[in-house]
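Worksheet: one structure, shown below.
Residue numbers (full-length UniProt numbering), protein chains in the order written: chain A, 1 to 418; chain B, 1 to 911.
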């Protein structure tokens, strides 16, 4: 850190205070937002942080003038937060920032209009980001990371401030999305439910009224929740909404959406084009799509089994789509049987609708999958039961008798019956 | 003189205590009470602290921490009581009854007096010797009315003539009530009390209603007393004060006559106070005071015994009181009288003076008020703002009181409020109202008391005098709370006084309300009693006696006594700061050492840190851990309701033997479960976390699995996961598999499943048990019943046991699936084989057959339609069955969903 004179430090601090006061006096939300974004590492804030570390008695400056002292409760802890952040003490930075935010929320509550929403967004964002970093620091010190949890409850409070009539309510969805991020990170997704309920049922909220940015994020997270619940039609609807409304330039976001949307689509019988997977670097799905197309059970299993590609499997497990992909197995069986049926049809159309169990076992053997008659019989029974195949199984003769009309109905967007 | 100096010192302390109290508008007040007591005890040390505002804050912090300890439920209870307050007023509107009705507690004592107006003189003389405390209490209530005052005046004479002891008591009653109120004012003074305005209004209302009634003289008289009753919190404080104060005084003032007098006075107030809260309480308090008093006299040297006394005393008193209640009215209670007498004897000389003072106070209230106001202001010299606030409020209050014509009542009522408030501007008003009451006492006391014990103090420093008085009161307040809480606890029949302390300590209004409810009951009884001669007990009271006797029994059992002794010894040690902690102990009947230490640690942590978390981390838990000394291997499980007693906790080596014993035991699961739970408890309280811990939990988890006790299994499993994550060795893989199975089969929580799967290490995935569990999971998710039942047969460890619980579901699913996809029929033999009905396929034909029969039975039970084909083999008619299959209600289903808890079964298993 280059040498910084007291005078320069003093100037920087008063400059910040002036800008802060101006932003509030002119109700300039954007400027105010910029003044809060600690983690943005903007040059002006970094230089302010240096100045604060040189000029230790910033609080005196705040108290000196009436103009500044009215914001003292916000600015003083914010300064401390900035100082700590600059010095790499993220836990304290978070603590001070929460204090500053708290004071700001108190002020915000009293403002009629939503001019300061931008600043509030920044605060909500900073709270989350600082908490995450603070937790990382705590974890590396062997302490229990708890700041993110605290950030969650703080944001719940902020949500309460916004959830009401008036212009401020449009900010509620942003806070909700930050909460989702926290809950997903903490693995406490069940906490999302209460927020979702108030967003979707409270009359004060009109979903279309929220900013598009927040709507996309919201749909992405609620879609993920539906994936976890294996409610594929709802997941499809929400994730598709997110995809169609997502800004095309945000490729990373689109990729994140597709990561969940593709398994959902697969499980309702819709396969993606190869180009899509490549465009968005989702090659981990390549084998799965291929297996579905070919009815290649071995390929599917290898894609989902740890020995082959540990990384991908962990990826699937982490994101929660593993269980969805695993359920594709039945569709692969269906595809395999259909193939057998087609081949038989080519040979002898009159007997094509009767598939012997032995044939299936043999086909599986070619795929290097050892299954005995009982197991295959069970699979066939399940296929018929789940309506992936029309027909019946004759136990006595060990033959699958397929319906002559559309023996392998397509899912066409409907999920496999449970 | 030295006495005066002590007085001053004590005054500051009171302030502290009051500040804390005022804070206590919320539930935490109980703690504040403790804290107060604490300060009082260590007057010397703390007096210094008083000047520092910073110190006072810590006090608050303590209280806050206290809050955490107090269960919320207790508060809710108080809430329910809130309604009763208003109810009582409306309910009792009819003239005379109001007073008695509204103030049920008073009803008992007061009414007798009112009724016996004619025979008053007789009454006094007759009861006097025996009843010192009783009579005094009754009189005190009466004292308010002008008509009775005359009699009161006579009292002093009686006192002097008959027994001095009696006189002081009676005087004190009236005086005490006054003085207490007055004192309460001072307390409010120190910090600007932040009483919540709402709280005030409720308390006031009752008064006004009562004021209307007072037109009747008896009623009016009663109202004075009643006001006190209304504000139960306040009165309760006073009552309890007696016991605590005595010890305190003894400590600091030991040999000073003036202090002794104080003690006497206090004892007298006790009787009165006790009566206020509830009729029952009155009697109880009585007794409680009696035992405590003698003990104090005997051992003045032992300073710190007080804390134990209040609680115990209250309990014991309760028990006694109840039983004696009947006799109480008719028979002059012998016990109380004796005790009180003994106590008061030393003070006899002084008592006459005291008597005179109290007399004056009630009558002169208005004047006293003015005088007191001035003094109050004088106190506030340093704080202009407070003063101004005080003034404004006082004016308001006085005008109001005048308008109502219930200056008296108002003051009394305001008392509790006053004490409670913290430092809010609003509260100031409240504070002042109490001051009115207190003022009268002071004013008069100087005039007539020229030679009273108070005098020396007063002369030295006029301002100080009130302070000292307030100090006493303050102490009383804290003590009262304690005893009160103890009382409530006993009432609720739960011995954990902790909880109950909460409600009472809440805002004054609420606490007042709570007592009110009891009072109402009492009133009803009291009324009838009056009619009938006041000797008959109501059923309710009798039922209550049961509680009390129970509580008493507990209090009297030898162990309990031992503990108390040890406690009192601890107090003797008198570590400067410890007293505060000690206050916690009285509440817990259990062995308090560890407990208090822990509590104090928590308190400290919370009080000194905004974000309690950090402090909690810093607590030295090792210092708080119990080291068991019990050598018995067998021990029944009993959920701890208090701190563990080392003498009943087994050390590690014994626990190991106990575990072995359980493992080799031939007894049934219920016995083993009980034993294992007690082992787990001992391990937990000693904070043993090693392989033994893991072994115990593993053993228990396995046993629980074998009998399908999922609840117990889950407890063990969650503990085991923590233990394993700490790196303690155990059957990690085995239990990882169990965990997986449990999630898959029983919770069906996708998120949990995903997390436990992603946590599996590559090595874990190579483990047979884990592999098996994963395969089971795959079979279940795909609905592959063939695989499932194959895995069922080949399950390692106890995986079978967990799968057992899912078998029924899986079979049903399979049957439904088969009936839909098979045509025309499925042989039963095949189904039996596929669905695992023939457990031992490799055994002889008999088992096969039995498996087939079992399968048949099962299919029939589930509504399958069966046919016999031409070869004579039983077949499942798939098409017919597809619409008739159903899941029968399990035969052993019980309403609460856990068949293992079915009563019959339970009894069968235990015997």
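Glycine is no exception: its CB is placed at the ideal position from the N, C-alpha and C atoms.
Closest Cβ-Cβ distance between residue 322(A) and chain B: below 8 angstroms?
-> yes
On the three-state DSSP scale, how would you describe residue 408(A)?
-> coil
Throw me the rounded Cβ distance for the residue 662(B) and residue 672(B) pair, which I believe falls under 8 angstroms.
-> 5 angstroms
Is the region 868-880 of chain B close to the region 823-836 of chain B, with three or more CB pairs under 8 angstroms?
-> yes
How do the region 113-120 of chain A and the region 141-157 of chain A stand: do at least 3 beta-carbon pairs fall below 8 angstroms, yes or no?
-> no
In three-state terms, what does DSSP make of residue 646(B)?
-> helix
Can you say whether residue 247(A) is buried or exposed, counting buried as having 16 or more other CB atoms within 10 angstroms of its CB?
-> exposed
Taking the C-alpha atoms as reference points, what is the distance between residue 694(B) and residue 752(B)?
-> 23 angstroms
Kindly indicate which three-state DSSP category residue 283(B) falls into: helix, strand or coil?
-> Because the pLDDT at residue 283(B) is just 34, under 50, the model does not fix this residue reliably, and the point stays unresolved.
What residues match up with residue 356(A) in a beta bridge as DSSP calls it?
-> 399(A)
Report yes if the C-beta distance between residue 160(A) and residue 204(A) is below 8 angstroms; otherwise report no.
-> no
Take residue 802(B) as the anchor and find which of 689(B), 721(B), 766(B) and 705(B) has the nearest alpha-carbon.
-> 705(B)
Given residue 390(A) as reference, the closest of 345(A), 38(A) and 353(A) once Cα atoms are compared = 353(A)
Kindly indicate the opening and closing residues of the alpha helix (DSSP H) around residue 7(A).
-> 6-25
The region 752-768 of chain B: which residues have C-beta closer than 8 angstroms to a C-beta of chain D, in chain order?
-> The question asks about chain D, but that chain is absent: this structure's protein chains are A and B.
Leaving out the 5 sequence neighbours to the left and right, which residues in its chain are closer than 8 angstroms to residue 674(B) when beta-carbon positions are compared?
-> 636 and 637
Under 9 angstroms by beta carbon: chain B residues contacting residue 192(A) = Under the 9 angstroms cutoff, chain B gives no residues; its nearest Cβ is about 11 angstroms from residue 192(A).
Which bits of chain B does residue 318(A) rub up against, with CB to CB less than 7 angstroms?
-> 758
Tell me which same chain residues have a C-beta within less than 6 angstroms of the C-beta of residue 298(B), skipping the five on either side of it?
-> Unreliable placement is indicated for residue 298(B), whose pLDDT of 37 sits below 50; no coordinate value is reported for it.
With DSSP as the reference, label residue 697(B) as helix, strand or coil.
-> helix
How about the region 247-260 of chain A and the region 276-294 of chain A: do they share at least three Cβ pairs that are nearer than 8 angstroms?
-> yes
Sorted by chain position, which residues of the same chain lie with C-beta nearer than 8 angstroms to residue 716(B)'s C-beta, five sequence neighbours on each side aside?
-> 697, 698, 700, 701 and 704
8 angstroms Cβ cutoff met for residue 394(A) and residue 823(B) | yes
Spatial neighbours of residue 301(B) in its chain, beta-carbon cut-off 6 angstroms, leaving aside the 5 residues before and after = In this predicted model, residue 301(B) has a pLDDT of only 38, less than 50, meaning its place in the structure is not dependable; the value taken from the coordinates is given anyway. Taken in chain order, the list of residues that qualify is empty.
Taking Cβ-Cβ distances shorter than 9 angstroms, what residues in chain A pair up with residue 834(B)?
-> 374, 377 and 378
Of all Cβ atoms in chain A, is any one closer than 8 angstroms to the Cβ of residue 771(B)?
-> no
Keeping to the same chain, check which residues put their C-beta closer than 7 angstroms to that of residue 100(A); ignore five residues upstream and five downstream.
-> 74, 77, 78 and 81
If you measure from the beta carbon of residue 284(A) to each beta carbon in chain B, is any gap under 8 angstroms?
-> no
Classify residue 435(A) as helix, strand or coil using the three-state DSSP reduction.
-> Nothing can be reported for residue 435(A): it is not among the residues displayed for chain A, which extend from 1 to 418.
Residues in the region 383-414 of chain A having any Cβ partner in chain B nearer than 7 angstroms | 384, 385, 392, 393, 394 and 395
Assess, as a yes-or-no matter, whether the region 878-889 of chain B is touched by the region 859-866 of chain B under the definition of 3 or more beta carbon pairs within less than 8 angstroms.
-> yes
Quick one: which chain B residues come within Cβ less than 8 angstroms of residue 329(A)?
-> 782
For residue 186(A) versus residue 133(A), is the C-beta distance shorter than 8 angstroms?
-> no
Does the pairing of the region 29-43 of chain A with the region 55-69 of chain A give three or more beta-carbon distances under 8 angstroms?
-> no
Kindly indicate which residue of 36(A), 300(A) and 6(A) has the alpha-carbon position closest to the one of residue 19(A).
-> 36(A)
Are the beta-carbon atoms of residue 333(A) and residue 355(A) separated by less than 8 angstroms?
-> no
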